[in-house]
């Protein structure tokens, strides 16, 4: 077994009522890793987590834990604990009894329970809260109690299914940092499920981007953001300009009505590709100084930058810059070779297309018929 490999999913497929939810998933998770399963609703991330936990069994494939097959082992026999979005705390119990619940079931001596509860309260920064009623706590405090209850059993893996979803934005950002700090202190594996891209980028050692029951890309936050493997990943992680292009040759791509120098190689001559350029990587210059030129059609103040839409030859480019250009201004667009990302065409729909189809099904159907 590869060193540090704790959990392996091999060929995992899950079918519900003849509908495939997971399609031949292969994934391994290292010891002491903070790994996030990221994707939109219905992509299969929570089902993957539930299969790791033992709440669901795979239709096909194998789950290995420390090299042993646990595919049909029930949850209580796995060295994992789960924290859900709904904390499921017991309102008739105080904080100490909620945290100690698992140890009480195992008949752990009371002195040891008190000691371990105290350690957990220190870890979650709530010392002295032992006798407080859980319904008197804030949402963030209740979330900490739920995490402490899961961690007190000393699992090898903590599974977290969108645990911050019920918190307000400020509290969610604070808890992201606290969770990462907690994981580093404990030195155990965290497997985290979310649809929030910023959350994944903030906390994770490794991100697994999922769509339509399949893994689209696995990598560090920096790799996922800067080198997306396909249009779906580029569209789902942050803001992107995604445009059809043609690779004429190595480092030579045509898109947006012009030829650009890039750094990508290995494509067939004149191969159709998807071209991704992040909004912050486009420089606004004088019209005659850009590789292409166009007209600003909207400007929005975003706090640390302005977000502008520039129409060039029928395509609307999103650009983020600290200097505003007025609506109607003629501008040039300049992109450096290493800021142009070339990807092979994919059969996975862009995330923005999926959202558009959900919100405007009639218009989307008309567009499909036209194409």
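Numbering (my numbering), first residue to last: 2 to 372.
Don't be surprised by glycine CBs; every beta carbon is placed ideally from N, CA and C.
Interface flag, residue i vs chain C, CB-CB below 9 angstroms
i         : result
residue 5 : The structure shown contains no chain C, having only a single protein chain.
Test item: CB-CB of residue i and residue j under 9 angstroms
i           : j           : result
residue 88  : residue 144 : yes
residue 218 : residue 229 : yes
residue 26  : residue 62  : yes
residue 286 : residue 329 : no
residue 81  : residue 54  : yes
residue 302 : residue 325 : yes
residue 148 : residue 128 : no
residue 192 : residue 261 : no
residue 270 : residue 250 : yes
residue 181 : residue 204 : yes
residue 160 : residue 207 : no
residue 90  : residue 173 : no
residue 198 : residue 38  : no
residue 141 : residue 97  : no
residue 189 : residue 78  : no
residue 240 : residue 183 : no
residue 322 : residue 293 : no
residue 332 : residue 311 : yes
residue 153 : residue 135 : no
residue 102 : residue 94  : yes
residue 1   : residue 243 : What the structure shows of the chain is the stretch from 2 to 372, and residue 1 is not part of that stretch, so it cannot be assessed.
residue 327 : residue 300 : yes
residue 334 : residue 284 : yes
residue 30  : residue 158 : yes
Burial state of residue i (16 or more Cβ within 10 Å)
i           : result
residue 195 : buried
residue 343 : buried
residue 275 : buried
residue 59  : buried
residue 19  : exposed
residue 120 : exposed
residue 282 : buried
residue 117 : buried
residue 17  : exposed
residue 305 : exposed
residue 15  : buried
residue 115 : exposed
residue 2   : With a pLDDT of only 40 at residue 2, under 50, the local geometry of the prediction cannot be trusted, and no value is derived from it.
residue 106 : exposed
residue 5   : exposed
residue 42  : exposed
residue 295 : buried
residue 372 : Its pLDDT being 43, under 50, residue 372 is placed unreliably in this model, and the coordinates cannot settle the point.
residue 200 : buried
residue 162 : buried
residue 236 : buried
residue 1   : Since the first residue of the chain shown is 2 and the last is 372, residue 1 is not available in this structure.
Residue i beta carbon near the ligand GDP (any heavy atom closer than 8 angstroms)
i           : result
residue 224 : Ligands in the displayed structure: none, and consequently the ligand GDP is not present.
Rounded Cβ spacing between residue i and residue j (contact assumed at less than 8 angstroms)
i           : j           : result
residue 273 : residue 346 : 6 angstroms
residue 234 : residue 210 : 5 angstroms
residue 215 : residue 70  : Not confirmed; about 23 angstroms, so no contact.
At a cut of 8 angstroms, does the segment 209–229 reach the segment 252–268 through at least three beta carbon pairs? no
What runs of the beta strand (DSSP E), each 3 residues or longer, lie entirely inside the segment 260–293? 272–278, 284–286
I'd like to know if the segment 123–143 and the segment 37–56 are in contact, where contact means that at least 3 CB-CB pairs between them fall below 8 angstroms. A contact between stretches requires three or more CB pairs, one per stretch, nearer than 8 angstroms, and the segment 123–143 fails this requirement with the segment 37–56.
Could you check whether the segment 64–78 touches the segment 5–15, counting it as contact only if at least three pairs of C-beta atoms, one from each stretch, sit closer than 8 angstroms? yes
What are the uninterrupted segments assigned as alpha helix (DSSP H) that are 4 or more residues long and contained completely in the segment 45–76, given in chain order? Complete alpha helix (DSSP H) runs here, min 4: 46–54.
Counting only runs that start and end within the segment 142–213, where is the alpha helix (DSSP H) found for 4 or more residues in a row? 170–187, 198–204
What runs of the beta strand (DSSP E), each 3 residues or longer, lie entirely inside the segment 89–138? none
Any chance you could list the beta strand (DSSP E) runs of at least 3 consecutive residues sitting entirely within the segment 214–249, in chain order? 215–220
In the segment 16–44, which residue ranges form an unbroken beta strand (DSSP E) of at least 3 residues, counting only runs that do not cross its ends? Runs found: 20–31, 35–39.
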